[in-house]
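Q:
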Ligand code: AMP
Ligand code: MG
């Protein structure tokens, strides 16, 4: 086996990460059903329609300043101007007034500017007189007036389908007049971890037992406002029970995520069982490290992602492949992040063969602001605790064996 000989000579049989990701995305069809929810409940949901503004933004001519609205045609030659102040309009007022010709209007930011007024003076530029104002700088027509529709006209596009409604999108939708909005229905995800050895954290470990870290890691990774999570918990390596759970999950869920049991050992039942219940496996072997044993496939409308049991491998394969499949399936318009550039703080030596995602810590930054990376334990180990200290993953190309200190590497920041 590739790992056993330590040289990964069989890596050629595997798909590259790029190929596997492309196939994964190709089978992760966005869910078809959408629903209309009130904007108040739309936070975190995935927008299912292209949205255009229902109103002009701003909706009416309004003052950009606290000050005084004037008609520039009322002004004499200067250099000093005196006007009585004969009205007052604040934000929220209708803008109706009966200010006579030759008088100014007290006005505040956001208040409607009546059509017959064509400039606003900042109050800082005016001096109060008895019943009026004095100023010396002649206002330019239109100054400090925000014109109706100058930001956006009614009908102009504001958001496209597939964005997650976070703070900025919610604000845009609200200002564009959306009381409710069409979103993709929540993605139904079923999660379970396989393994006879799994014990729940907090309970004493019996002989041969380990704590189930994958369950908690994936619960955190799947904790999204657009996911309805069904967490089955641990399932023993019992083919009958596993088949039952997997079949039910495929009937119920849009996406099934499992950990463990996808490799080639006698207790690795998942690929066989998935096929036995009518599933079609699209990818099984990926030339990545950690994470070579990963499967994904489809059964009916259900998409299945079987991650390796090793928690570091499960995390990395989820980050690099699974999470992007999930995002696409949920309807998100989503592209995997582009790595930033970093440099090595120390030399690297490893076996060529598979593209590696090595946990790294940022040591410091170069004078150009580029992060300098310190390598952590090789990621094929199960040392999941190192992940919690890492700042991200360095991407080491498949063919790389050695790299000197200072060499550039792509870096995926957590
Ligand atoms: P498997 O992929 O099932 O062969 O598991 C590979 C390694 O990961 C084994 O050492 C397992 O004990 C370990 N492992 C499997 N599942 C989990 C889990 N849920 N949490 C922590 N370690 C696990
Ligand atoms: Mg196992």
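In our numbering, the protein residues as written are 68 to 481. Note that the Cβ used here is the ideal one computed from N, Cα and C, for glycine as well.
1. Suppose the cutoff is 6 Å on Cβ atoms and the five residues either side in sequence are ignored; what does the same chain contact list for residue 243 look like?
2. What are the start and end residues of each continuous beta strand (DSSP E) run of 3 or more residues lying completely inside the region 127 to 159, in chain order?
3. Let me check you understand the geometry: is the CB of residue 292 closer than 7 Å to at least one non-hydrogen atom of the ligand AMP?
4. Which term fits residue 407, buried or exposed, when burial requires 16 or more other beta carbons within 10 angstroms of its beta carbon?
5. In the DSSP assignment, find the alpha helix (DSSP H) that holds residue 280 and state where it starts and stops.
6. State the Cα-Cα distance for the pair residue 347 and residue 114, rounded to the nearest angstrom.
7. Hey, would you say residue 206 sits closer than 8 Å to residue 219, going by beta carbons?
8. Taking DSSP as the reference, what is the three-state secondary structure of residue 322?
9. Just to check my reading of the structure: residue 322 and residue 393 have Cβ atoms closer than 8 Å, yes? What is that Cβ distance to the nearest angstrom?
10. With a CB to CB cut of under 6 Å and the five nearest residues on each side skipped, what residues in its chain are close to residue 136?
11. In this structure, how does DSSP classify residue 91 when only helix, strand and coil are distinguished?
12. Which two residues bound the contiguous alpha helix (DSSP H) that contains residue 383?
13. Helix, strand or coil for residue 362, going by three-state DSSP, please let me know.
14. Taking just the CA atoms, how far does residue 118 sit from residue 236?
15. By DSSP, does residue 240 sit in helix, in strand, or in coil?
16. Is the separation between the beta-carbon of residue 259 and that of residue 312 shorter than 8 Å?
17. Looking at residue 320 and residue 253, is the spacing between their C-beta atoms short of 8 Å?
18. For residue 154, which residues of its own chain have a beta-carbon under 6 Å away from its beta-carbon, when the five flanking residues on both sides are left out?
19. Based on Cα-Cα distance, which residue from 149, 239, 141 lies nearest to residue 208?
20. Ignore the nearest five residues each way along the sequence and tell me which others in residue 480's own chain have a CB closer than 6 Å to its CB.
21. Between which two residues does the alpha helix (DSSP H) containing residue 341 stretch?
22. Leaving out five residues on either side along the sequence, give the residues of the same chain with a beta carbon under 6 Å from the beta carbon of residue 102.
23. Tell me the residue span of the alpha helix (DSSP H) that contains residue 456.
24. In this structure, does DSSP put residue 174 in helix, strand or coil?
25. Where DSSP assigns a beta bridge to residue 224, which residues make up the other side?
26. Indicate whether residue 389 and residue 375 have their beta-carbon atoms separated by less than 8 Å.
27. Please state the DSSP three-state secondary structure of residue 306.
28. Take every Cβ of the region 367 to 381, pair it with every Cβ of the region 326 to 334, and state whether three or more of those distances are shorter than 8 Å.
29. Quick one: what's residue 105 bridged to in DSSP?
30. List in chain order the residues whose CB is within less than 5 Å of at least one heavy atom of the ligand MG.
31. Which residues bound the alpha helix (DSSP H) around residue 390?
32. In angstroms with no decimal places, state the Cα-to-Cα distance between residue 241 and residue 104.
33. Could you give the distance in angstroms between the alpha-carbon of residue 282 and the alpha-carbon of residue 337?
34. Taking the Cβ atom as the reference point for each residue, do residue 416 and residue 464 lie within a distance shorter than 8 Å?
35. Does the beta-carbon of residue 84 have 16 or more other beta-carbons within 10 angstroms, so that it is buried, or is it exposed?
36. Quick check on DSSP: helix, strand or coil for residue 80?
A: In this structure, then:
1. Non-local beta-carbon contacts of residue 243 in its own chain, meaning distances under 6 Å to residues more than five positions away in sequence, involve 120, 121, 225 in chain order.
2. 134 to 137, 148 to 156
3. no
4. exposed
5. Looking at the DSSP string, the run of the alpha helix (DSSP H) that includes residue 280 is 280 to 288.
6. Take the alpha-carbon of residue 347 and the one of residue 114: they are about 30 Å apart.
7. no
8. strand
9. 6 Å
10. 172, 174, 180, 184, 187
11. helix
12. 378 to 384
13. strand
14. Going by the C-alpha atoms only, they are around 11 Å apart.
15. helix
16. yes
17. No, the Cβ-Cβ distance between residue 253 and residue 320 is not below 8 Å.
18. 164, 166, 172
19. 141
20. 459
21. 337 to 343
22. 252
23. Per DSSP, residue 456 is one residue of the alpha helix (DSSP H) stretching across 451 to 456.
24. strand
25. BP columns for residue 224 point to 119.
26. no
27. helix
28. yes
29. 247
30. Here the residues close to the ligand MG, judged by CB distance below 5 Å to any of its heavy atoms, are 262, 327, 328, 376 in chain order.
31. For residue 390, the uninterrupted alpha helix (DSSP H) run begins and ends at 390 to 396, by DSSP.
32. 13 Å
33. C-alpha of residue 282 to C-alpha of residue 337: approximately 17 Å in a straight line.
34. Contact: no.
35. buried
36. helix
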